[in-house]
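Trainee:
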Amino acid sequence: MKKITLIIALFSAITFYGQHKIAAKVQQLTLAKTSFTKFAPLTVVATPQTITVASNATFATVNKRVLQSIATNKYPFVELAIPYNGSTIEIQLYRVEVLAKGFHADTDKQANITWTDGAHYRGIVKGDANSLVSFNFYNKEMNGIISAAGINNLVVGRMQTTGNLDNYIVYSDARLSINNPFTCAVTDGGVLPAQNNNRRETFTEHCVTTYFELANDIYAANDFDTDLTTNWMASIFNNVQTLYDNDGITVALKSVYIWTEQDPYFGESSADYLEEFYTLRPVFDGDAGQLLTTNGGGLGGVAINIGGLCSEENVSFGDVFFDYQDVPLFSWTVEVITHELGHLFGSPHTHGCYWNGNGTAIDGCGTIAGYVEGECETGPIPQNQGTIMSYCHLVDGVGINFANGFGPQPAARIINHVESSSCLSTDCINTCFNTVTKFAVANSTLTSATITWTDQNAGPWQVGYTSVNGTINNWQEVAVNSFTVSGLTANTYYKFGIRPICTDDREAETQQFIFATAANWCSGAIFRDTNANGNYPNNQHLIRTIKPENATQSLTVTFNSFETEQDFDFLYVYDGPDTDAPLLGAYSGTENPGPFTSTAQGGSLTFEFISDPFENGAGWNATVSCALSLKENVFTNLQYFPNPTSGTVTITSPEGITGITVYNVAGQLLFNKTINTTTADADISQFANGVYFFKVTNGSKESHFRIVKQ
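All residue numbers for the sequence shown refer to numbering that gives the first Met the number 0, where the first residue is 0 and numbers rise by one.
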């Protein structure tokens with residue numbers, strides 16, 4: 000049997016942005032020469048004449064020994080050969096955790112029922128970085144979805160005849176003879192938060208836990224078996240989680256509730272079901288809840304709000320598709336659940352007039368299909384299929400390909416809402432995780448440095464250090480949140496690592512931080528990134544304070560070259576001895592920032608650099624000069640409040656204020672006000688939640704500070 004070739008992309012030529020996170024992981028494994036255990040779980044059989052709903056489908060029987068081997072051994076990396084339409088698709092997968100810590104499945108008769116989870120995987124078609132795959136294995140069954148150009152969403156699942164555990168179908172949902180009728184009842188419902196597509200981080204730090212309540216008809220469709228029903232929900236969720244993970248958004252399955260007898264929900268619309276769910280289930284174990292039924296899919300779905308996390312409006316409803324002519328409609332169900340959660344997490348529809356920074360549409364699929372949101376012009380029809388928050392499944396010949404993910408703008412809205420939702424935890428799964436939130440260099444000399452950190456937990460910790468490109472192996476336990484390293488070389492970068500000490504035998508994640516020893520800056524020392532002869536590394540967090548040897552002097556740093564990944568890798572410049580000093584700006588791209596002259600007591604400047612896990616650049620090279628401090632250029636009695644704020648910031652100075660400017664973290668000017676007064680207001684109520692940088696001026700005097708909008 001020949002091997003199918005889809006879109007083969009050379010890994011070395013790929014730019015891994017939001018929708019390529021999983022491909023990047025497989026690339027890392029491939030470059031590390033990881034061994035993938037190979038399996039062929041399906042054997043092709045003749046096509047049943049009674050199955051006509053899916054053209055070009057492949058029918059097969061499952062190898063139960065393979066199922067049990069993968070489900071039991073939970074191999075970390077597997078390579079599967081999946082037959083389809085006379086060819087074989089090879090997929091490379093890595094194992095993932097789907098469940099949050101403390102996961103439980105309950106029924107209307109019993110709490111915390113006994114259930115054994117299987118093995119969950121995600122990855123890509125071998126060699127195709129634009130594809131996306133998720134699979135699930137249990138002792139009795141397997142299922143999965145392969146999304147790629149040329150096949151759309153390829154569903155692998157067992158036929159839904161009563162009692163069947165042997166016979167499987169592999170089909171493309173683009174080849175179904177029936178149309179996906181899913182529609183969503185969500186509109187904007189009012190004013191949406193201002194769009195902000197700029198993110199300091201590529202991944203969310205917050206994690207959203209989910210609760211699913213399954214109506215009795217879903218239990219019945221799973222042969223009235225709680226094991227199969229929970230398998231179905233966990234399998235569906237792995238596919239949902241894969242889509243969010245691919246765009247850098249962390250979600251986990253916290254709890255499932257199964258109605259084994261008639262449930263209390265009924266109605267003629269999705270809104271009816273949602274209202275009942277909202278009323279009858281005000282408390283559940285999760286950050287977001289969703290009621291699922293399988294009433295033929297005709298009711299569609301609805302979320303109670305756009306951006307409902309950390310509020311009472313954190314629920315949604317989905318009338319999902321289970322099967323047609325015994326063919327599992329797996330991908331349709333994944334689309335409904337992911338789409339409605341996407342609303343709760345902050346994204347409207349892509350055909351609505353909410354996008355591009357000017358109130359226009361990303362695509363025109365929903366409008367063409369008759370679902371108009373807003374009065375803007377109809378958007379374009381995607382050439383390469385639609386994204387998750389679109390209605391492109393309603394347009395003939397277009398469809399939705401899961402490998403397209405959410406798209407940059409919807410993903411940015413979701414990330415912004417998740418990150419600004421302060422009730423969320425930072426880890427849904429691990430019981431022992433690293434909660435260090437801030438590093439600082441309390442004192443740096445030519446041969447030593449003292450590092451401090453902030454942690455919501457009281458320790459103890461393990462800490463260690465090495466050269467900037469080395470591996471930490473000198474771990475030692477400390478009980479206080481500071482550590483002094485001595486015997487170092489002047490003007491040299493080092494790597495510091497810290498991790499909590501867990502109560503079990505596991506090793507917690509290490510947070511790494513780059514620091515440097517002092518230099519004789521006023522004698523011609525050069526300020527560079529950590530790799531003077533090549534690109535700086537990915538996943539780097541660096542803080543360096545530059546100060547003159549004489550406290551009566553003031554430093555000026557002038558950049559001769561500068562190159563970082565635009566809008567993802569940022570250099571933050573502070574006017575003072577640490578990152579609590581006034582922020583002068585955040586810089587990325589290829590334009591030289593500055594020059595920067597310190598106005599702080601002692602004449603110092605602090606630089607913080609954060610790079611994401613993917614692209615990097617050549618870094619920077621800057622010269623440092625020293626002069627007598629010019630204190631007359633500083634506001635001596637400037638006040639601003641409140642901080643944080645939800646609307647207006649008041650700024651006062653008896654010396655007078657002539658200008659206020661506000662920038663986002665990407666350095667874009669959002670607010671500019673010319674005045675001549677001692678008290679002024681800046682209204683940022685329409686800005687998205689996040690951090691903004693203010694500059695206040697009066698002639699030659701200026702001051703910089705950060706304001707948090709929440």
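No residue lacks a Cβ here, since even glycine has one placed at the ideal position from N, Cα and C.
Return the residue from the list G358, E339, P82 and R174 that minimises the CA-CA distance to L308.
Mentor: For this step, residue 308 is matched to residue 309 along the sequence shown. The option with the nearest alpha carbon to L308 is E339.
Trainee: So K63 is in the beta strand (DSSP E); what residue range does that whole segment cover?
Mentor: Here residue 63 is taken as the residue at index 64 of the sequence shown, counted from 1. That residue, K63, is in no beta strand (DSSP E); its alpha helix (DSSP H) goes K63 to N72.
Trainee: Please determine, among L290, S330 and V326, the residue with the shortest C-alpha to C-alpha distance to V314.
Mentor: Along the sequence shown, read from residue 1 onward, the residue named residue 314 stands at position 315. Closest option to V314, Cα to Cα, is L290.
Trainee: Should R716 go down as buried or exposed, given a rule of 16 or more other Cβ atoms within 10 Å for buried?
Mentor: Only positions 0 to 709 of the chain appear in the structure, and residue 716 is not among them; the question remains open.
Trainee: Would you mind reading off the limits of the beta strand (DSSP E) that contains R94?
Mentor: Within the sequence shown, residue 94 is the residue found at index 95, counting from 1. Unbroken beta strand (DSSP E) run through R94: S86 to V95.
Trainee: Sort R412, T551 and V661 by Cα distance to Q600 and report the nearest one.
Mentor: One-based indexing of the sequence shown puts residue 600 at position 601. Residue T551 is the option with its Cα nearest to Q600.
Trainee: Can you tell me whether V648 is buried or exposed? The criterion is at least 16 other CB atoms within 10 Å of its CB, across all chains shown.
Mentor: Within the sequence shown, residue 648 is the residue found at index 649, counting from 1. Classification for V648: buried.
Trainee: According to the Cβ coordinates, are T292 and D322 closer than 8 Å?
Mentor: As a first step, residue 292 is located in the sequence shown; it is residue number 293 there, counting from the start. As a first step, residue 322 is located in the sequence shown; it is residue number 323 there, counting from the start. For T292 and D322, no; Cβs fall outside 8 Å.
Trainee: Is the beta carbon of P75 closer than 8 Å to that of A59?
Mentor: Counting from one through the sequence shown, the residue named residue 59 turns up at place 60. Counting from one through the sequence shown, the residue named residue 75 turns up at place 76. Result no, Cβ atoms of A59 and P75 do not sit closer than 8 Å.
Trainee: Leaving aside the five residues before and after P40 along the sequence, list all residues of the same chain whose C-beta is less than 7 Å from its C-beta, in chain order.
Mentor: On the sequence shown, position 41 is the one that residue 40 refers to. Cβ neighbours of P40 beyond the five flanking positions: V61, N62, V65, L66, L79 and M141.
Trainee: Please go through the same chain and pick out, in chain order, the residues whose beta-carbon is closer than 8 Å to the beta-carbon of G533, but skip the five residues on each side of it.
Mentor: By one-based count along the sequence shown, residue 533 stands at place 534. If we look at G533 and ignore the five residues flanking it on each side, its Cβ neighbours are A617.
Trainee: How close, in whole Å, do the beta carbons of I545 and L604 come, if the pair is a contact with beta carbons under 8 Å?
Mentor: In the sequence shown, the residue the question calls residue 545 occupies position 546. In the sequence shown, the residue the question calls residue 604 occupies position 605. Their Cβ separation, rounded to whole angstroms, is 5 Å, which keeps I545 and L604 in contact under 8 Å.
Trainee: Let me know the secondary structure DSSP gives K20 once reduced to three states.
Mentor: The residue you call residue 20 lines up with position 21 of the sequence shown. In the structure shown, K20 sits in a helix (DSSP, three-state: H, G or I).
Trainee: Exposed or buried, S54, counting other C-beta atoms within 10 Å across all chains shown (16 or more means buried)?
Mentor: Here residue 54 is taken as the residue at index 55 of the sequence shown, counted from 1. It counts as exposed.
Trainee: Is it a yes or a no for the segment 86-97 touching the segment 232-246, going by three-plus beta-carbon pairs under 8 Å?
Mentor: These segments touch.
Trainee: Grab me the residues of N230's own chain with a C-beta within less than 6 Å of its C-beta, minus the 5 sequence neighbours each way, in chain order.
Mentor: Stepping through the sequence shown from its first residue, residue 230 is reached at position 231. Contacts found: Y137.
Trainee: By alpha-carbon positions, which one of P594, T491, Q109 and A270 ends up nearest to G297?
Mentor: As a first step, residue 297 must be located in the sequence shown, where it is residue number 298. The candidate whose alpha carbon is nearest that of G297 is A270.
Trainee: Give me the residue from T676, T660 and T677 with the minimum Cα distance to F670.
Mentor: Working through the sequence shown from its first residue, we reach residue 670 at position 671. Measuring from the Cα of F670, the nearest candidate turns out to be T660.
Trainee: Return the CA-CA distance between H540 and A524, expressed in angstroms with no decimal places.
Mentor: Position 541 of the sequence shown, counted from the first residue, corresponds to residue 540. Position 525 of the sequence shown, counted from the first residue, corresponds to residue 524. Their backbone Cα atoms lie some 22 Å apart in a straight line.
Trainee: Hey, could you find the ends of the alpha helix (DSSP H) F329 is sitting in?
Mentor: Here residue 329 is taken as the residue at index 330 of the sequence shown, counted from 1. Run containing F329: F329 to L343, per the alpha helix (DSSP H) assignment.
Trainee: Using DSSP with H/G/I as helix, E/B as strand and the rest coil, what is D322?
Mentor: To locate residue 322, count along the sequence shown from 1; it is residue 323. In this structure, D322 counts as strand in the three-state DSSP scheme.
Trainee: Going by DSSP, which residues form a beta bridge with H703?
Mentor: Mapped onto the sequence shown, residue 703 falls at position 704. Partner(s): K694.
Trainee: Just the Cα atoms here: how many angstroms apart are K700 and A687?
Mentor: As a working note, residue 700 is residue 701 in the sequence shown. As a working note, residue 687 is residue 688 in the sequence shown. Taking the straight line from one Cα to the other gives about 29 Å.
Trainee: Just how far apart, CA to CA, sit P653 and Y639?
Mentor: Your numbering for residue 653 matches position 654 in the sequence shown. Your numbering for residue 639 matches position 640 in the sequence shown. Taking the straight line from one Cα to the other gives about 13 Å.
Trainee: Would A478 and S130 qualify as a contact pair, given that the criterion is a beta-carbon distance under 8 Å?
Mentor: As a working note, residue 478 is residue 479 in the sequence shown. As a working note, residue 130 is residue 131 in the sequence shown. The answer is no: Cβ separation not under 8 Å.
Trainee: Strictly by DSSP, which residues pair up with H119?
Mentor: Locating residue 119 in the sequence shown gives position 120, where the first residue counts as 1. The partner list for H119 (beta bridge, DSSP) reads V95 and N135.
Trainee: State the Cα-Cα distance for the pair P536 and F495, rounded to the nearest angstrom.
Mentor: Within the sequence shown, residue 536 is the residue found at index 537, counting from 1. Within the sequence shown, residue 495 is the residue found at index 496, counting from 1. Distance between the alpha carbons of P536 and F495: 15 Å.
Trainee: Quick check on the burial criterion: 16 or more other C-beta atoms within 10 angstroms. Buried or exposed for F569?
Mentor: On the sequence shown, residue 569 is found 570 positions in, with the first residue counted as 1. Under this definition F569 is a buried residue.
Trainee: Count the other C-beta atoms from every protein chain shown that fall within 10 angstroms of the C-beta of N152, then say buried if there are 16 or more, exposed otherwise.
Mentor: Residue 152 sits at position 153 when you count from the first residue of the sequence shown. Buried, because 16 or more other Cβ atoms sit within 10 Å of the Cβ of N152.
Trainee: Checking 8 Å against the spacing of the C-beta atoms, do T563 and P594 come in under that value?
Mentor: Working through the sequence shown from its first residue, we reach residue 563 at position 564. Working through the sequence shown from its first residue, we reach residue 594 at position 595. No, these two residues do not count as a Cβ contact at 8 Å.
Trainee: In whole angstroms, give me the CA-to-CA distance for A580 and H348.
Mentor: As a working note, residue 580 is residue 581 in the sequence shown. As a working note, residue 348 is residue 349 in the sequence shown. Approximately 41 Å, taken between the alpha carbons.
Trainee: Assuming G689 contacts N415 under a Cβ cut-off of 8 Å, what Cβ separation, rounded to an integer in Å, is found between them?
Mentor: Position 690 of the sequence shown, counted from the start, is the residue given in the question as residue 689. Position 416 of the sequence shown, counted from the start, is the residue given in the question as residue 415. G689 to N415, Cβ: 7 Å. Contact.
Trainee: Roughly how many angstroms separate the alpha carbons of D224 and N357, rounded to a whole number?
Mentor: Start at 1 with the first residue of the sequence shown, and residue 224 comes out as number 225. Start at 1 with the first residue of the sequence shown, and residue 357 comes out as number 358. Answer to the nearest angstrom: the Cα atoms are 51 Å apart.
Trainee: To the nearest angstrom, report how far apart F634 and T678 are at their CA atoms.
Mentor: Here residue 634 is taken as the residue at index 635 of the sequence shown, counted from 1. Here residue 678 is taken as the residue at index 679 of the sequence shown, counted from 1. C-alpha separation (whole angstroms): 14 Å.
Trainee: Am I right that S268 and H103 are in contact with their C-beta atoms under 8 Å? What's the rounded C-beta distance?
Mentor: Residue 268 sits at position 269 when you count from the first residue of the sequence shown. Residue 103 sits at position 104 when you count from the first residue of the sequence shown. About 31 Å; that fails the 8 Å criterion.
Trainee: Would you mind sorting K32 into buried or exposed? The rule is 16 or more other CB atoms within 10 Å of its CB.
Mentor: For the purposes of this step, residue 32 is taken as residue 33 along the sequence shown, with counting starting at 1. Exposed is the call here.
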